[in-house]
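These notes concern the structure reproduced below.
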Amino acid sequence: ADQSRSISPREADFIGRYDYLVAVDGGLRCLKDLDLVPDLWIGDGDSVSESDIAWACRNRTKIHLFPFSKNYLDSELAIRAISESCSEIGLSGVWGSRPDQSFSTVSLLLLTEGFGMIAEAFLTTQGTETIMGICRGPVERVFQSAPRDRWSFIALTECHGVTLIGFDYGLKGESVFRDQTRTISNRATADNVRIKIESGDLLYFHLLDGADEG
3 ADQSRSISPR EADFIGRYDY LVAVDGGLRC LKDLDLVPDL WIGDGDSVSE
53 SDIAWACRNR TKIHLFPFSK NYLDSELAIR AISESCSEIG LSGVWGSRPD
103 QSFSTVSLLL LTEGFGMIAE AFLTTQGTET IMGICRGPVE RVFQSAPRDR
153 WSFIALTECH GVTLIGFDYG LKGESVFRDQ TRTISNRATA DNVRIKIESG
203 DLLYFHLLDG ADEG
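41 is the number that this note's numbering gives to position 39 of the sequence shown; each next residue is one higher, with no gaps.
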């Protein structure tokens, strides 16, 4: 996590939805700035200060320190640490500043799906705030939106029986494949949208506030 980044009010609201907070390495500073005491800190300590760790200890945060040389990202360690006690998880600050870090967010979402958890990641890129998640079939989910919010979908596997309701370009029981871009840059037409998928992993992006008009 980038401890120097600022947290927007919308991202703070996203973080505040969850009743168990895990600070991953430098993410501790972000929670401290929000006056949110994490229940657990986990990481290798390469991007967190001693004073921040001391603050966490004074507030009775559990500390799980791992060696710098390891086989997992700190974020994966955090997910594994809570996998047996959580049914829903939100990820913040995981997008990173490098392409490899950014793409690893998909791996983290797939990991949570494998544990049977519903997961979403809050992303901020060039001023645009986005909610990212995975729908794994068979599933039907309803999401809050706003008219003209942009939504995009990418098939991580072959996806069959895909239905999109509440969008400019709806689908009804269709197939979406990994080498297609037909489901990029859709627009919501209502306050709630419905996504149904019979099989496959469908990655979704909800760009908040309508994003750009392109």
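The beta carbon of each residue, even a glycine, is placed where N, CA and C say it ideally should be.
Determine, using beta carbons only, whether residue i and residue j come nearer to each other than 7 Å.
i      : j      : result
Asn61  : Val39  : yes
Ser77  : Phe124 : no
Thr132 : Phe16  : no
Ile120 : Ser154 : no
Applying the 10 Å Cβ sphere with the 16-neighbour rule, what's the burial state of residue i?
i      : result
Glu122 : buried
Val197 : Contrary to the premise, residue 197 reads as Ile rather than Val in this sequence. Under this definition Ile197 is a buried residue.
Ile65  : exposed
Gly169 : One point to set straight first is that residue 169 is Phe, not Gly, in the sequence displayed. By the neighbour-count rule (16 or more Cβ atoms within 10 Å), Phe169 is buried.
Thr127 : exposed
Ser89  : exposed
Gly216 : Caution applies to Gly216, whose pLDDT of 48 falls short of 50 and renders its modelled position unreliable; the value that the coordinates give is listed next. Gly216 comes out exposed.
At which residues does the alpha helix (DSSP H) containing residue i begin and terminate?
i      : result
Cys88  : Where Cys88 is concerned, there is no enclosing alpha helix (DSSP H), given that its DSSP letter is neither H nor E.
Glu13  : 11-18
Val144 : No alpha helix (DSSP H) contains Val144, which is instead part of the beta strand (DSSP E) from 141-146.
Val108 : 101-116
Tell me, which residues are paired with residue i by DSSP?
i      : result
Lys64  : Leu42
Tyr171 : In DSSP, Tyr171 forms no bridge with anything.
Tyr206 : Gly135, Phe155
Ala2   : One cannot answer for residue 2 here, as it falls past the ends of the chain, which runs 3 to 216.
Arg189 : Arg152
Thr127 : Thr130
Ile199 : Val141
Glu176 : Val164
Whole angstroms are fine: how far does the CA of residue j sit from the CA of residue i?
i      : j      : result
Asp4   : Arg12  : Unreliable placement is indicated for Asp4, whose pLDDT of 47 sits below 50; no coordinate value is reported for it.
Asp37  : Phe105 : 30 Å
Thr183 : Arg138 : 19 Å
Asp178 : His162 : Correcting the residue identity first, residue 178 is Val in this sequence and not Asp. Looking at the two C-alpha atoms, the distance is approximately 6 Å.
Leu33  : Val26  : 10 Å
Thr107 : Ser53  : 29 Å
Gly82  : Leu42  : First, the amino acid is wrong: residue 82 is Arg here, not Gly. One C-alpha to the other measures close to 13 Å.
Phe70  : Leu113 : 22 Å
Lys72  : Asp151 : 40 Å
Asp21  : Gln146 : 21 Å
Please list the terminal residues of the continuous beta strand (DSSP E) segment that includes residue i.
i     : result
Leu30 : Not the beta strand (DSSP E): Leu30 falls in the alpha helix (DSSP H), residues 29-35.
I'd like to confirm something about residue i: is its beta-carbon nearer than 6 Å to some heavy atom of the ligand GDP, or not?
i      : result
Ser106 : The model depicted lacks the ligand GDP and carries no ligand whatsoever.
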